[in-house]
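So the structure is just underneath, and the comments pick up after that.
Protein chains: 2
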Amino acid sequence: MRADAARNLTSVLRTGARLLAEDPSASMAAIAAAAGVDRTTVHRRFANRETLLRAVFQAKLDSAERVLDEARLTEAPVPVALHRYLEGIIPVSREWPLDTRRMMQKDPEANARREAQSARLSAFVQRACDEGYLRADIDAAWARAVLDALVDSIAHRFPAVDAPQAADLVADAFLRGVGAV
Amino acid sequence: MRADAARNLTSVLRTGARLLAEDPSASMAAIAAAAGVDRTTVHRRFANRETLLRAVFQAKLDSAERVLDEARLTEAPVPVALHRYLEGIIPVSREWPLDTRRMMQKDPEANARREAQSARLSAFVQRACDEGYLRADIDAAWARAVLDALVDSIAHRFPAVDAPQAADLVADAFLRGVGAV
DNA sequence: GATAAACACAACATCAATGTTGCAGTACAT
DNA sequence: ATGTACTGCAACATTGATGTTGTGTTTATC
Numbered sequence: 001m002r003a004d005a006a007r008n009l010t011s012v013l014r015t016g017a018r019l020l021a022e023d024p025s026a027s028m029a030a031i032a033a034a035a036g037v038d039r040t041t042v043h044r045r046f047a048n049r050e051t052l053l054r055a056v057f058q059a060k061l062d063s064a065e066r067v068l069d070e071a072r073l074t075e076a077p078v079p080v081a082l083h084r085y086l087e088g089i090i091p092v093s094r095e096w097p098l099d100t101r102r103m104m105q106k107d108p109e110a111n112a113r114r115e116a117q118s119a120r121l122s123a124f125v126q127r128a129c130d131e132g133y134l135r136a137d138i139d140a141a142w143a144r145a146v147l148d149a150l151v152d153s154i155a156h157r158f159p160a161v162d163a164p165q166a167a168d169l170v171a172d173a174f175l176r177g178v179g180a181v
Numbered sequence: 001m002r003a004d005a006a007r008n009l010t011s012v013l014r015t016g017a018r019l020l021a022e023d024p025s026a027s028m029a030a031i032a033a034a035a036g037v038d039r040t041t042v043h044r045r046f047a048n049r050e051t052l053l054r055a056v057f058q059a060k061l062d063s064a065e066r067v068l069d070e071a072r073l074t075e076a077p078v079p080v081a082l083h084r085y086l087e088g089i090i091p092v093s094r095e096w097p098l099d100t101r102r103m104m105q106k107d108p109e110a111n112a113r114r115e116a117q118s119a120r121l122s123a124f125v126q127r128a129c130d131e132g133y134l135r136a137d138i139d140a141a142w143a144r145a146v147l148d149a150l151v152d153s154i155a156h157r158f159p160a161v162d163a164p165q166a167a168d169l170v171a172d173a174f175l176r177g178v179g180a181v
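Heads up: the sequence lines are chains A and B, in that order. Here our numbering is used: the first residue of the first sequence is 1, the next is one more, and so on. Here our numbering is used: the first residue of the second sequence is 1, the next is one more, and so on.
Below, the structure is given as structure tokens:
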């Protein structure tokens, strides 16, 4: 039953991520129930609650890393890379709606990966700045924070908007704002 | 010692809010320790953990409501009201860094107040839209979400930026974005 | 059909958090 | 000085979450 096993494993991870997102103290029993498996089954796969969390983190980090790679942040033209990044990262944020910045604090390995990915994105924003795509009076760190905030917002407060349109909205709000002139 | 009592009470609320913000499952013991009082002292003031949470929510809602009132969202010119709102709400968000949308789910009374305040802000954004301060092709709900996201971002990721400057940054990013035309 | 893996279920021990109570000490007001 | 209000400390019972183990059952694979 390796197929079933793999299916249930990822099912637990996805369901766990969803539950943990809305309640970071969700019990293993609640996660197991939501995933439709017995509590002991979860414990057989993940020795600790901590191990389960690490697995969820890793799954999210894997997805995010793939997006960063495929966006070609250092090579592609800034507008192209930006849009590709957004269209990829928004579904990832939706599928793994964890507040990684907070939850990975106690997992040094995951936190290191997260920071490495964060640095890649920051470098991209800096490049956008250097190439004149961002206003000269804007701090790159602030621009980066704005981008993150917009992604989170469209991903979780507007789950019905599909990824391409969501990417358009974010890119537009990011670069032009919402004001009339 | 009524003065001391009041001081310790608010101290517990503020410290509790801070701890609960970074870890929503922070124990009463941890909150008491961080506030510098005994665990039983907290229990004497707040019968339940739930009661403590309600008190924290109420404190944040009170502060936010004062900001909404003083911003004169329905009367003052849009740019003035916007800036006044931002300069007021950013310190509130910093002092009570709770994710209210998530944490108030189980407190119907607090949630109703939160939604009422949310509606006031949405109405303001709608007014800004109607009066031509926002682009006509922008959905008011999206503009509203962008505003919230920017406030949270500057409040928590840039705690060193003082309120007036933070309000400037948010208003600027909100209306103009960060892109170079 | 035999085998092996994965499962649900039940039962158990353990631990951390919660909430309560009694007691002694301390600051303050009258 | 005396009563009142508050506190810290210790001890306790209770509960919910955690993690483990054993048994029987299902199911794919050989």
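Just so you know, even glycine gets a beta-carbon here, dropped at the ideal spot from N, CA and C. None of these values were measured; they are calculated from a predicted model.
At a cut-off of 8 Å, the C-beta of P24/A has a neighbouring C-beta in chain B. Under DSSP, G88/A shares a beta bridge with no residue. Taking a beta-carbon distance threshold of 8 Å, L134/A counts as an interface residue toward chain B. Under the 8 Å criterion on CB atoms, V12/A is classed as non-interfacial with respect to chain B. Scanning the stretch 78–165 of chain B for uninterrupted alpha helix (DSSP H) segments of 4 residues or longer gives 78–95, 100–103, 108–130, 140–157, listed from N- to C-terminal end. Within a 10 Å sphere around the beta-carbon of D99/A sit fewer than 16 other beta-carbons, which makes this residue exposed. Using a Cβ-Cβ cut-off of 7 Å, A149/A is close to A149, L150, D152, S153 of chain B, given in chain order. In chain A, no part has a C-beta under 7 Å from the C-beta of A123/B; the shortest such distance is about 16 Å. Within a 10 Å sphere around the beta-carbon of D62/B sit fewer than 16 other beta-carbons, which makes this residue exposed. Residue range 39–45 is occupied by the alpha helix (DSSP H) that includes T40/A.
For V67/B, the enclosing alpha helix (DSSP H) stretches over residues 49–71.
Nearest to D148/B by C-alpha distance, out of A59/B, V181/B, S118/B, is S118/B. Listed by position along chain B, the residues whose Cβ is nearer than 9 Å to that of W96/A form an empty set, because the closest Cβ is around 16 Å away. Around the Cβ of A47/B, a 10 Å sphere holds fewer than 16 other Cβ atoms; the residue is exposed.
If you draw a straight line from the Cα of H156/B to the Cα of E87/B, it comes to about 14 Å. Taking L82/A as reference, the option from A112/A, S93/A, V67/A, V92/A with the minimal CA-CA separation is V67/A. Assigned with DSSP and collapsed to three states, G16/B falls in helix. Counting the other Cβ atoms within 10 Å of the Cβ of D130/B gives fewer than 16, which makes it exposed.
Excluding five sequence positions before and after A59/B, the CB atoms of its chain that fall closer than 7 Å to its own CB belong to L13, W96, given in chain order. At a cut-off of 8 Å, the C-beta of F174/B has a neighbouring C-beta in chain A. Between the stretch 159–172 of chain A and the stretch 136–143 of chain A there are fewer than three C-beta pairs closer than 8 Å, too few to call the two in contact. The C-beta distance from V146/A to L134/B rounds to 17 Å, too long to meet the 8 Å contact threshold.
Cα atoms of F57/B and R101/B: separation of roughly 11 Å, rounded to the nearest angstrom. The residues L73, T74, V78, in chain order, have a CB closer than 8 Å to that of R127/B in the same chain once the five nearest residues on each side in sequence are set aside. Taking CB atoms only, V42/B has no neighbour in chain A less than 8 Å away. In terms of beta-carbon proximity, A30/A stays away from the interface with chain B, with every pair separated by 8 Å or more.
The C-alpha of D172/A lies about 44 Å from the C-alpha of R45/A. Chain-ordered, the chain A residues with CB closer than 8 Å to the CB of L169/B read W142. Excluding the 5 residues flanking it on each side, F174/B has same chain C-beta neighbours closer than 7 Å at V146, L147, L150, in chain order. Within the same chain, Cβ atoms closer than 7 Å to the Cβ of I154/B are found at I90, V161, A166, L169, V170, the five residues on either side in sequence being excluded. A straight-line Cα-Cα distance of about 30 Å links M103/A and E65/B. For G177/B, the residues of chain A that pass the 7 Å Cβ criterion are A173, F174, L175, R176, G177, in the order they occur in the chain.
A straight line joining the alpha-carbon of D69/A with that of A21/B spans about 33 Å.
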